Structure formats: C-alpha cells, structure tokens
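Accompanying notes for the structure given below.
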Amino acid sequence: MSSPAKSSHVSARVGRIPVANIQPVVDGGAVPAKAIVGSDIPVSATVFREGHDALGATAVLYAPDGSIEQAVHLSPGAAGTDSWHGVLRPRQVGAYSFAVEGWDDPLGTWHHAARLKIEAGLEEELMLAEGAHLFRTAAREARSAGRRQSAESLVAATVRRDDADLYDAVADALSDPAATVQERLAAAESPELRRALADRPLRRLVSSSPRYPLGVERPLAGRGAWYEFFPRSEGAVYDAESRQWRSGTFATAQRRLPAVAAMGFDVLYLPPIHPIGRAHRKGANNTLTAGEHDPGSPWAIGAAEGGHDAIHPDLGNEKDFARFVERAESLGLEVALDLALQASPDHPWAREHQDWFTERVDGTIAYAENPPKKYQDIYPLNFDRDPEGLYDEVLRIVRLWVSRGVKIFRVDNPHTKPLAFWEWLIATVNAEAPDVVFLAEAFTRPAMMHALGRAGFQQSYTYYTWRNTREELEEYLREVTRETAAFFRPNFWVNTPDILPEFLQFGGPAAFKLRAVIAAMATPLWGMYAGYELCEHVARPGSGEYLDNEKYEYKPRDFAAAEEAGTSLAPFIAKLNQIRHQHPALEDLSNLTLHSSTDPSTLVFSKTKRRVPELPHTADTLIVVVNLDPHSTRESTVTLNLNALDLDDSALGADGRFEVEDLLTGHVWNWGEHNYVRLDPHVEPAHVLHLVRRPA
Numbered sequence: 001m002s003s004p005a006k007s008s009h010v011s012a013r014v015g016r017i018p019v020a021n022i023q024p025v026v027d028g029g030a031v032p033a034k035a036i037v038g039s040d041i042p043v044s045a046t047v048f049r050e051g052h053d054a055l056g057a058t059a060v061l062y063a064p065d066g067s068i069e070q071a072v073h074l075s076p077g078a079a080g081t082d083s084w085h086g087v088l089r090p091r092q093v094g095a096y097s098f099a100v101e102g103w104d105d106p107l108g109t110w111h112h113a114a115r116l117k118i119e120a121g122l123e124e125e126l127m128l129a130e131g132a133h134l135f136r137t138a139a140r141e142a143r144s145a146g147r148r149q150s151a152e153s154l155v156a157a158t159v160r161r162d163d164a165d166l167y168d169a170v171a172d173a174l175s176d177p178a179a180t181v182q183e184r185l186a187a188a189e190s191p192e193l194r195r196a197l198a199d200r201p202l203r204r205l206v207s208s209s210p211r212y213p214l215g216v217e218r219p220l221a222g223r224g225a226w227y228e229f230f231p232r233s234e235g236a237v238y239d240a241e242s243r244q245w246r247s248g249t250f251a252t253a254q255r256r257l258p259a260v261a262a263m264g265f266d267v268l269y270l271p272p273i274h275p276i277g278r279a280h281r282k283g284a285n286n287t288l289t290a291g292e293h294d295p296g297s298p299w300a301i302g303a304a305e306g307g308h309d310a311i312h313p314d315l316g317n318e319k320d321f322a323r324f325v326e327r328a329e330s331l332g333l334e335v336a337l338d339l340a341l342q343a344s345p346d347h348p349w350a351r352e353h354q355d356w357f358t359e360r361v362d363g364t365i366a367y368a369e370n371p372p373k374k375y376q377d378i379y380p381l382n383f384d385r386d387p388e389g390l391y392d393e394v395l396r397i398v399r400l401w402v403s404r405g406v407k408i409f410r411v412d413n414p415h416t417k418p419l420a421f422w423e424w425l426i427a428t429v430n431a432e433a434p435d436v437v438f439l440a441e442a443f444t445r446p447a448m449m450h451a452l453g454r455a456g457f458q459q460s461y462t463y464y465t466w467r468n469t470r471e472e473l474e475e476y477l478r479e480v481t482r483e484t485a486a487f488f489r490p491n492f493w494v495n496t497p498d499i500l501p502e503f504l505q506f507g508g509p510a511a512f513k514l515r516a517v518i519a520a521m522a523t524p525l526w527g528m529y530a531g532y533e534l535c536e537h538v539a540r541p542g543s544g545e546y547l548d549n550e551k552y553e554y555k556p557r558d559f560a561a562a563e564e565a566g567t568s569l570a571p572f573i574a575k576l577n578q579i580r581h582q583h584p585a586l587e588d589l590s591n592l593t594l595h596s597s598t599d600p601s602t603l604v605f606s607k608t609k610r611r612v613p614e615l616p617h618t619a620d621t622l623i624v625v626v627n628l629d630p631h632s633t634r635e636s637t638v639t640l641n642l643n644a645l646d647l648d649d650s651a652l653g654a655d656g657r658f659e660v661e662d663l664l665t666g667h668v669w670n671w672g673e674h675n676y677v678r679l680d681p682h683v684e685p686a687h688v689l690h691l692v693r694r695p696a
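For the sequence shown, full-length UniProt numbering begins at 1 and goes up steadily by one.
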C-alpha cells in the first residue's frame, strides 16, 4: 500500500476564529480613528465560528509605546447577529492602535452542554468529569500566568483564594462522589465563579484582527464650549462730535474675559486680528462702498502694515496680544485664532507673489465669488501655481502664531483649498506640536466636510444650525454620533456672524434657550457668537445674516445692563456649561441614545458614561427632554429605552423606578419607562435630568 499523502497547510486569510467588520476603522485603517483622552471609544466587530461551541471577543488597546494598555471583553449584541460590542478608554495623547480578538470559550461550551444534558439525565458523570478536567486545566494556566484574584471559595465562603485555588476547588466539587449530581453542577455555576470567569476567561484558539490606528488627542481637540467675539468691538467708543469710532483694543477686550469665563466657556475664538485692506473695502451691512472710517471686514486680510503675520495696529502689538492670551489663560480660557487663507488686494502677497493667485486674461487677479455673492475685497489663493512656495509660507504663518501662544485655529473656508494641502499642513504641524487643533469652518457638501475630517481636521462646523424639527434633529444626531464619529467631530454652533437662522429670528428667548440646550447637551463641542446671550435676532432683509453685521462695523454691547434687567441668557448659558463640566456623560460623542415621545415637537435623548470593570469610572446618566416649539406648551408621554440608562441597584428603588433631578431647576421626580412631561417654553423649555445613584 502506498503511504498516505502528506497534508499541506495553506495560510488562511481569516483566523481560526473569524473576526470581521471592526469599528472604528477609517478607510481600512489608512486614517486613524479620532479619540480623546478619557473618552469612551465604542468598539464593535462581527465574531463567529463553525458549529455551536461558545466563543468570546476581546478588544485590546495598544499604547503609543506598543504595550497593552487595556483588554476589554466585549458583550454580544442582538441574538443571531454575531455582533460584539464594548468600549475602550485611552489614558494619554498619542498614536494608539487597537485590535479585536476572537477566541474559543471551552468553559462556556461546557457550562451550556452540561446544564442541558444533566437536566435531561444524559451522560451525567462524563459531563462532570469533563468539567473537572477543564477547571484543573484552568488552574494550571492561572498558576503559570501568575494571575491572582481574590474570590470566595466554594468550599469555604470566608476564605480568599487566587484563581487557581478557586478552579481546583470547583474541580474537586465536580468530582465529589458524596454529592448529588445537581450539587456538583451547582458548584460550577456560582455567581462568584461566573464573575471570575467573566473577568478572566479560559481562552483558546485566540485569533486577532490586524491592529488599526487610533489617534488620541488632548481634551480640547474634541471637547469644549467656544465663544466668539470681535476684540475691536469690546471697548469701542463712538465720538458723537467727530462722528467717528475709536476701536477697541486687546487691553479693552480683556475686560470682557471674566464674563466669558464666568459663563463656563473653554475656548475664546477671535476673528482675524490682522491689518485690513482698504481696496474695495466693504461698508456697513456689506455695502460695496465703505465710508472713510468704516473698519472693513477682518477677513479682508492685509494692508501696508502687513499680512497674516501682523497685528492690526488699532488692536495693539505683539506684547498686547501676549498679555491678552496670558489673561485669558489665567481665567481658564484658551484663545483660538482665525486662519483665513486669502488676501485683500493690499496684502504684501498681492505685490510680491502674484503667482499665488489666479490671474485673469486681462492680467487682473480674480477676487472671491460665491455666485451671486461677490467678495471684491478678497483674493483667493491658488494652490497650484507655486505650491511649494505657498505651502511653506502658510506653514511659517502657523508656526509663528503657535510661537505666540495660539494652539487652536478656526480655519475659514477650508473646503476651497486642496485636501492634499490640509493633510500635509495638519500632519506637519501636529508632528511638531501635537496639541495644536484645527476647526474646519466648512458649511458645504457632506463629502467634502467628511473628507476634511479624514484629512486631519480635529473639529468641524455642522448643519445643526439648520436642523429644527424633531425628525431633522434625530436624523442628524444619529449621523454625527454614530455613523461619522470615527472621523468627523461635530461642533454645534448655535449662531455665527454669518448665520442668523429663521428659527432664532422669530422664536423669541425660548428659541435661544432650547437651541443652546441641544447643542450643549448632545455633543461634547458647541459654540456661540457674542450677542446670542442677548437674543439678538434682527436680520438684514432678504438674508440670514444679522442687520448691522459686526463683520463690517463696530458693535459694542451693554451686557451688564441686560443682566441687570434680567433679559440676558448669560446665567442660563453658565448653568449649561456648569453641567457640562460636572458630568462625564457629556464628554463623549458616541454615547447618545434617542428615546420616543408621543408629541412630535418633543425631543428626548440620553447620554450615559457606563461602568466598565476594566476602566474605573463613576457611572453617569443624563436624560434631556426639549420642547422644540418656542411658542407653545407641549405635553407628551416620554418612553425610555431603559437599557441605555445603565440602571443598577444604586439607581433603582424597590418599586423598580428611579429618581431624577432636573439640573436646571432642582426639581426631583420618580421616573420609569413611561413618563408624563409638560414643558412651557417661556418658563421651562427643557429638562436636563440627572439619574440619581446612591453610594453602595
């Protein structure tokens, strides 16, 4: 007889336990998924195998030095989906990676089979013997690995033993001839043992996915409340005799900083602070002809005094700016500066580098247009004519402002510049200064907005400003918190100098309140432009912009008078930001759950920071209910998805209900799955309910 042919082993594309559909993964791992220090990163995968044996899945987080920082066992999803879910929580800034491991669970397989067979009176002794063998194997592996875990022994409840002793005790109990079959089986099903096996399962046939990149950045890259004001308006004075304005300065603008800090903001964003061109300067309300003393748009950058590296002399000098930044930092505010890559006709670039612009056939430089809008005071840059020179100049500008204390840049119209440029610039800057943050001001098509996130922008403006109905808001919240969260960080601005939505024009103070509640509670990033707290709502006819727009004129405001009159929303804004600072659930993006309401104008969502055994943190849950109708009282029955609230014995009462405290009013209620809600927008447009947990 011929000898049997030798088998050949071909390397398989999948592991012994297949692992697929891993998230968060961006572009197959070519782009790191976005993460923030201390944030919960939802991890999911499809893990399955042949046959019916039990299996498990583990997400492994690798620190920047390659060491394992966390290994979190995933939980199975809906039956029949083979999906597994969990969270990772990185502890430091850096280039992390993660993988998902699938593994055979022999003890889980045995537990399932033993219970079924013994209840049916089948192979009782054999099943108990196999269990004893498995637990002795687990004991040997525990000793070999040097793992120790305090656990109550099944033999003596008062004795603490390590894993190996615990497993040996179970094996002994399974082999005890003096005990009944049911008693022996019960020894392998105690809660103490179940917990030990859940924490440290006996894993076989471990199969790992590839490692995927995870870029972990500092908190302000993905969390924070932004406030925008024009320094030239803060302290601006009108001289009635000469009919001229005197600009505010960095020194006078400092006086506004304590009030901004008192409202709980984290970032103070300044529009461009550079010299402003005179050629084709825009006048009040965007007129084409400016008066002799009109200050012009700060985005028309560049004049005889300098360009992007210079400071407008009306505001002060470099030392004045440094003092302004230092004062802001002393109050807990980080200054963000506008990076607007464009030039006025008076910019030094227009004289010295005409090849950085688009020239028309008549030899003139093309100005900016967004038909039918024309921006004759601005020349857009052309990144294709001298890319090396232009790239180097922009990098010089950014490095200069970083050296002056600026670590956050709000980038104007990034969607009008090549993606390849942004990918290069942000990567170059972050390689030198990882804490520098770029916010994309890109109100454009989704594909471009998402591509900018993939190119490296840490944050982006969003469509939130135009999402008003419950249906619109729910759809958008699902998108930004789930579908795009790995590469697109939404910053929910309620208004900007360019955008005064109709909802605010006609909704009254209630509209301003409810929009702030949603923005501040739904996502870790939100922002507002000065005047929002005063409910400024008058638009220039035929536009969605403010009448007497601050982009083209000075606009000093009497904030103190409004607060004295009780018409300012500053205390309300301060309360929202205080809640944000005190509640970890609001620090994460992807932990939002939508709930249902019988009223179509009542929006309900919750945010939960769950307890994770491997990741110590106090559980935190908030439920937000908002009346979206600023004119009418709305009544509804709110139905909650209780699984999303992370309820446990610390929250549940004897009747199965739980206590919630409204963080806006201090009212306390007992809630359950179904709850009656009545919200008068003029008195109480929203509930921000904190799930009360009591210490063990």
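Built from N, CA and C at the ideal position, the CB exists for glycine as well. All values derive from a computational prediction rather than experimental measurement.
| query | Can you tell me whether DSSP reads A20 as helix, strand or coil? | reply | It is a strand residue.
| Looking at the structure shown, is H667 part of a helix, part of a strand, or coil, going by DSSP? | Residue state, collapsed to three classes: coil.
| Can you tell me the Cα-Cα spacing of K282 and D412, whole angstroms? | When the Cα atoms are used, K282 and D412 turn out to be separated by approximately 18 Å.
| request: Round the Cβ separation of N627 and T602 to the nearest angstrom and send it over; I've been treating them as touching at under 8 Å. | output: Indeed they touch by this definition, with Cβ atoms about 6 Å apart.
| field | Other residues of its chain near V259: CB distance less than 8 Å, five sequence neighbours each side excluded | value | This sequence places Ala at residue 259; Val is not what is there. Answer for A259: F559, A570, listed in chain order.
| Which one or two residues does DSSP pair with E441 in a beta bridge? | DSSP lists D412 as partners of E441.
| message | Is it the case that the region 504 to 515 contacts the region 681 to 693, given that we only count it when at least three CB pairs across the two stretches are under 8 Å? | response | Cβ pair count under 8 Å is three or more, so yes.
| query | Would you call G389 buried or exposed, if buried means 16 or more other Cβ atoms sit within 10 Å of its Cβ? | reply | With fewer than 16 other Cβ atoms within 10 Å, it is exposed.
| What's the C-alpha gap between A279 and D346? | Roughly 7 Å separates the two Cα atoms.
| task | Please state whether DSSP places L154 in a helix, a strand or coil. | result | In this prediction, L154 has a pLDDT of 23, which is less than 50 and means its spatial position is unreliable; what the coordinates show is noted afterwards. DSSP places L154 in coil when its eight states are reduced to three.
| field | Residue burial classification, H631 (beta-carbon count within 10 angstroms, cutoff 16) | value | Per the 10 Å Cβ criterion, exposed.
| Nearest-angstrom Cα distance between L128 and L645? | Computed Cα separation, rounded: 40 Å.
| Going by C-alpha distance, which of A164, T484, A336 is nearest I408? | Scanning A164, T484, A336 for the CA closest to the CA of I408 turns up A336.
| query | Per DSSP, which one or two residues make a beta bridge with D176? | reply | Note: D176 sits in no beta bridge, so no partner.
| query | Given a threshold of 16 other Cβ atoms within 10 Å of its Cβ, counted over all protein chains shown, does Q459 qualify as buried or as exposed? | reply | Result: buried.
| request: May I ask you to report which of helix, strand or coil DSSP gives L166? | output: Correct three-state label for L166: helix.
| query | From E553 to V480, what does the alpha carbon distance come to, in whole angstroms? | reply | It is roughly 35 Å from the alpha-carbon of E553 to the alpha-carbon of V480.
| request: For V47, count neighbouring C-beta atoms within 10 Å of its own C-beta (all shown protein chains included) and say buried if the count is 16 or more, exposed if not. | output: Buried is the label assigned to V47, since at least 16 other Cβ atoms lie within 10 Å of its Cβ.
| task | Please work out which residues of its chain come closer than 7 Å, Cβ to Cβ, to R634, disregarding the five sequence neighbours upstream and downstream, and give them in chain order. | result | These residues qualify, in order along the chain: D599, S601, T602, N627, L679.
| message | I'd like the list of long-range same chain contacts for residue 712, defined as Cβ closer than 7 Å, with 5 residues on each side in sequence excluded. | response | Here the chain covers residues 1 to 696 and nothing more, so residue 712 does not appear.
| field | Reduced DSSP secondary structure (H/G/I, E/B, other) of G389 | value | Here G389 carries a helix assignment [DSSP, helix/strand/coil].
| field | Contact the region 265 to 272 vs the region 212 to 232: 3+ CB pairs below 8 Å | value | Put simply, the region 265 to 272 touches the region 212 to 232. At least three CB pairs are less than 8 Å apart.
| request: Please name the residue, chosen from V72, E393, D377, A561, that lies closest to F383 on a Cα-to-Cα basis. | output: Ranking the options by Cα distance to F383, first place goes to E393.
| Under the three-state reduction of DSSP, which class applies to F658: helix, strand or coil? | Strand, per DSSP.
| said: Going by DSSP in three states, A78 sits in which element: helix, strand or coil? | reply: If DSSP states are grouped into helix, strand and coil, A78 belongs with coil.
| Which residue from F488, A565, L586 puts its Cα closest to that of residue 697? | One cannot answer for residue 697 here, as it falls past the ends of the chain, which runs 1 to 696.
| task | Return helix, strand or coil for R147, following the three-state DSSP convention. | result | Note that R147 scores 40 on pLDDT, short of 50, meaning its location in the model is unreliable and no value can be drawn from it.
| query | Going by alpha carbons, who is nearest to D386 out of K319, D377, W401, F357? | reply | When only C-alpha atoms are compared, the closest one is F357.
| Can you check whether the CB of G222 is closer than 8 Å to the CB of K34? | Yes, they are a contact pair.
| said: For R101, list the residues DSSP reports as bridge partners. | reply: For the record, residue 101 in the displayed sequence is Glu; it is not Arg. Partner(s): T58, S208.
| query | Can you name, in chain order, every residue of its own chain whose Cβ lies under 7 Å from the Cβ of R694, other than the five neighbours on each side? | reply | Annotation for R694: S650 place their beta carbon closer than 7 Å to its own, counting only its chain and skipping 5 residues before and after.
| Who are the Cβ neighbours of E563 in its own chain at under 7 Å, not counting the five residues just before and after it? | Result list for E563: A570, in chain order.
| request: Look up G307 in the DSSP assignment and give the residues it is bridged to. | output: Note: G307 sits in no beta bridge, so no partner.
| request: Kindly identify the DSSP beta-bridge partner or partners of N675. | output: As a beta-bridge residue in DSSP terms, N675 pairs with V638.
| said: I need the boundaries of the beta strand (DSSP E) containing E334, first residue and last residue. | reply: Start and end: 334 to 339.
| request: In the DSSP assignment, find the unbroken beta strand (DSSP E) run with Y476 in it and report its ends. | output: Where Y476 is concerned, there is no enclosing beta strand (DSSP E), although the alpha helix (DSSP H) it sits in stretches over 470 to 478.
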